[in-house]
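Numbering-wise (our numbering), the sequence shown opens with residue 1 and increments by one. Even for Gly, the Cβ is constructed at its ideal location relative to N, Cα and C. In this text, all values refer to a predicted model and were calculated from it rather than measured experimentally.
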Amino acid sequence: LSSWDKDELRVGVISMKDDHEMTSWYHPTCCPKKKGGDLEPDDFEGFDSLTPAHKSVIEDLCAGELPSAKKQKVSAGPSPRLDDPNATEPGFKALYDKYTAVTLPILKDWLEVNEQPKTGTKPELVSACVDGELHGALPRCPMCEYGRLKRQGTGFVCKGYFSDEVKTWRTCPFTSPADMIERLEWRSPDQGPREKPGVEKAGGKAALVDSLDTTPLEGLGLREQAEKLVEWARKVNLSLAEDGATATIAAGTALNGTRTEESQVDLKAAAAELVRKFPPRTENKVLKAVHEGNGKICALLKEYGDLMEKHGENVHGVRGTRKALSAIMGLTYEITDPKVLLAKGTKVDGVGKGTADKIAEILEKGTFDKLEEFRAKDAAL
1 LSSWDKDELR
11 VGVISMKDDH
21 EMTSWYHPTC
31 CPKKKGGDLE
41 PDDFEGFDSL
51 TPAHKSVIED
61 LCAGELPSAK
71 KQKVSAGPSP
81 RLDDPNATEP
91 GFKALYDKYT
101 AVTLPILKDW
111 LEVNEQPKTG
121 TKPELVSACV
131 DGELHGALPR
141 CPMCEYGRLK
151 RQGTGFVCKG
161 YFSDEVKTWR
171 TCPFTSPADM
181 IERLEWRSPD
191 QGPREKPGVE
201 KAGGKAALVD
211 SLDTTPLEGL
221 GLREQAEKLV
231 EWARKVNLSL
241 AEDGATATIA
251 AGTALNGTRT
261 EESQVDLKAA
271 AAELVRKFPP
281 RTENKVLKAV
291 HEGNGKICAL
301 LKEYGDLMEK
311 HGENVHGVRG
321 TRKALSAIMG
331 LTYEITDPKV
341 LLAKGTKVDG
351 VGKGTADKIA
361 EILEKGTFDK
371 LEEFRAKDAA
381 L
């Protein structure tokens, strides 16, 4: 035992290394326990020469009553990111504390019910929940309708989505200022997911199924029944694959899933399964032009791009149309003369002569010939 400077007590522990004795000095609270037996105060050399206060410390050490000096982990929740875009919003700190206090699975429940991405660190998920409660849930991309919107600077972008139909990544050029995105209601897990607009208008999923007239399908073979089911699904706007063969396979799978021991299929049950797996497409109400005077141009160009993709047109043509659409959406002035979009000094990146000609047609007659061709092709399906 030794009393160091400032009357500090230290305990020396003797060990052997390479036939030599080594002494390691410890504060009493850090002293390692002796193996193979209990310690008594008299076991410590120099105990009798200690002050009464230091003797008391050694007695407590032997009795196991000294508090451990091992550092305890501090359980502190994640701190708000300094660059969080909502850091200056009123109520930010209270909401951050609210979501920080819950577990990771509960955070994911909040995000899942609001159809938001659930990947990332806990601070990132907390930040996403705070953003959702402050401003509302982010919708899907209003241009491609499938991609996720991601914050970039003071606005949002869409990088695209993976298409299950063609098994490849579909890029999307959508960009928008933050205030042009119409957010959705932020819901709690107890409230459950929001109803799809298409289902509400149809009076619910049961009403959609009831709209199927099974009489013409009875007595047909499985393939013919599947094709008829696809026709019905198109009429009620179910989100089946645009590719006819893929859609027919999905309908056939639904029919086979209802087959009884007598090899009979339940047409209504198959229709219900299609409604469950491929809910009606939602009407897009969040695509907005910065200048409302360009709203009709944007709506028609979007429809044109969607129809091009639906009918298997060249992917570069689809991408070019959507890139032009994104550029026009961001214009702060109303287009009255399409030539301005191409002129030196006022040229708009992403807008070529083909798009300018289509805009000229829209301004003249409210539509353009290429769009009408695709509308006719689509109506003939």
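By alpha-carbon positions, which one of the options ends up nearest to residue i?
| i | options | result |
| --- | --- | --- |
| Trp271 | Leu107, Lys302, Thr336, Lys205 | According to the sequence as given, residue 271 is Ala; it is not Trp. Comparing Cα-Cα distances from Ala271 to each of Leu107, Lys302, Thr336, Lys205, the minimum goes to Lys205. |
| Asp266 | Asp349, Gly219, Thr51 | Gly219 |
| Leu255 | Gly244, Glu231, Ser127, Arg223 | Arg223 |
| Lys150 | Ser211, Pro85, Met329 | Pro85 |
| Ser15 | Glu8, Leu9, Thr23 | Thr23 |
| Ala94 | Pro280, Val126, Ser263 | Val126 |
| Thr215 | Arg170, Ala250, Ala178, Lys268 | Lys268 |
| Thr336 | Leu107, Leu371, Glu292 | Glu292 |
| Gly295 | Met329, Gly153, Val318 | Met329 |
| Asp190 | Arg234, Ile106, Gly46 | Ile106 |
| Ala245 | Lys365, Glu231, Lys98 | Glu231 |
| Asp83 | Ile359, Lys353, Cys129, Glu124 | Glu124 |
| Met308 | Pro52, Pro280, Asp378, Cys172 | Asp378 |
| Arg319 | Tyr333, Lys302, Thr332 | Lys302 |
| His27 | His54, Lys310, Asp48, Val209 | His54 |
| Thr346 | Lys358, Thr332, Lys365 | Thr332 |
| Thr450 | Val315, Arg10, Gly352, Lys353 | With the chain running from 1 to 381 in the structure shown, residue 450 is simply not present. |
| Pro280 | Val290, Ser163, Met180, Ala233 | Ala233 |
Would you grab the beta carbon distance between residue i and residue j for me? Rounded to a whole angstrom, and I think it's under 8 Å.
| i | j | result |
| --- | --- | --- |
| Ala356 | Pro338 | 4 Å |
| Cys144 | Gly160 | 7 Å |
| Lys353 | Leu342 | 7 Å |
Taking the alpha-carbon positions, what's the residue i to residue j distance?
| i | j | result |
| --- | --- | --- |
| Ile58 | His20 | 27 Å |
| Val275 | Leu238 | 7 Å |
| Leu363 | Arg375 | 19 Å |
| Arg187 | Thr168 | 32 Å |
| Glu361 | Thr253 | 45 Å |
| Gln152 | Thr100 | 24 Å |
| Ala202 | Ile297 | Because Ala202 carries a pLDDT of 41, less than 50, the predicted location of this residue cannot be relied on, and the following value inherits that uncertainty. For Ala202 and Ile297, the distance between alpha carbons rounds to 29 Å. |
| Tyr96 | Thr88 | 12 Å |
| Thr119 | Ala128 | 10 Å |
| Thr175 | Thr260 | 51 Å |
| Glu8 | Asp43 | 20 Å |
| Lys310 | Pro177 | 28 Å |
| Val157 | Thr321 | 17 Å |
| Gly46 | Gly64 | 20 Å |
| Val236 | Ser211 | 9 Å |
Are residue i and residue j closer than 8 Å when you measure CB to CB?
| i | j | result |
| --- | --- | --- |
| Cys30 | Val13 | no |
| Gly192 | Val102 | no |
| Ala327 | Asp306 | no |
| Thr258 | Glu227 | no |
| Leu104 | Lys122 | yes |
| Pro139 | Glu182 | yes |
| Phe278 | Leu240 | yes |
| Gly147 | Cys141 | yes |
| Leu371 | Tyr304 | yes |
| Gly136 | Leu184 | yes |
| Cys62 | Pro90 | no |
| Met180 | Val290 | yes |
Q | Contiguous beta strand (DSSP E) assignments of at least 3 residues, all confined to the region 122-155 | A | 149-152
Q: Starting from the N-terminal side, write out each stretch of the alpha helix (DSSP H) that is 4 residues or longer and does not extend beyond the region 343-376.
A: 353-365
**Q.** Within the region 173-256, ranges of the alpha helix (DSSP H) (whole runs, at least 4 residues)
**A.** 197-201, 205-210, 222-235, 244-256
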